[in-house]
């Protein structure tokens, strides 16, 4: 009877560890991406120039704002 309890406790601890680890890793990754966005103004400017557009600062600011809103949206659900 005691071995069943040991197995159940070990299984419970494993499941709890996996769930907590997932949420902690997710939160850490979200914070990292918020502080270090995958695209910055210089990259955006380069992409627009490669597509044949002459980027104005106003247009770049607009696109950066839109991307930041897109990043914030999943957090609000």
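Numbering (UniProt numbering), first residue to last: 1 to 77. Note that the Cβ used here is the ideal one computed from N, Cα and C, for glycine as well. No experiment lies behind these values; they were computed from the predicted model shown.
1) Got a sec? Which residues, its chain only, sit under 8 Å from residue 33 by beta carbon, not counting five neighbours each side?
2) Rounded to a whole number of angstroms, what is the C-alpha to C-alpha distance between residue 17 and residue 25?
3) Which one of 5, 6 and 44 has the shortest CA to CA distance from residue 58?
4) Nearest-angstrom Cα distance between residue 42 and residue 7?
5) DSSP three-state label for residue 2, please.
So, to answer that:
1) Here residue 33 corresponds to residue number 33 of the chain shown, with the count starting at 1. Answer for residue 33: 71, listed in chain order.
2) Position 17 of the chain shown, counted from the start, is the residue given in the question as residue 17. Position 25 of the chain shown, counted from the start, is the residue given in the question as residue 25. Straight-line Cα distance between these residues: approximately 12 Å.
3) Looking up residue 58 in the chain shown gives position 58. Cα-wise, what sits closest to residue 58 is 44.
4) Along the chain shown, read from residue 1 onward, the residue named residue 42 stands at position 42. Along the chain shown, read from residue 1 onward, the residue named residue 7 stands at position 7. Distance between the alpha carbons of residue 42 and residue 7 is about 55 Å.
5) For the purposes of this step, residue 2 is taken as the residue at position 2 of the chain shown. In the structure shown, residue 2 falls within a helical segment according to DSSP collapsed to helix, strand and coil.
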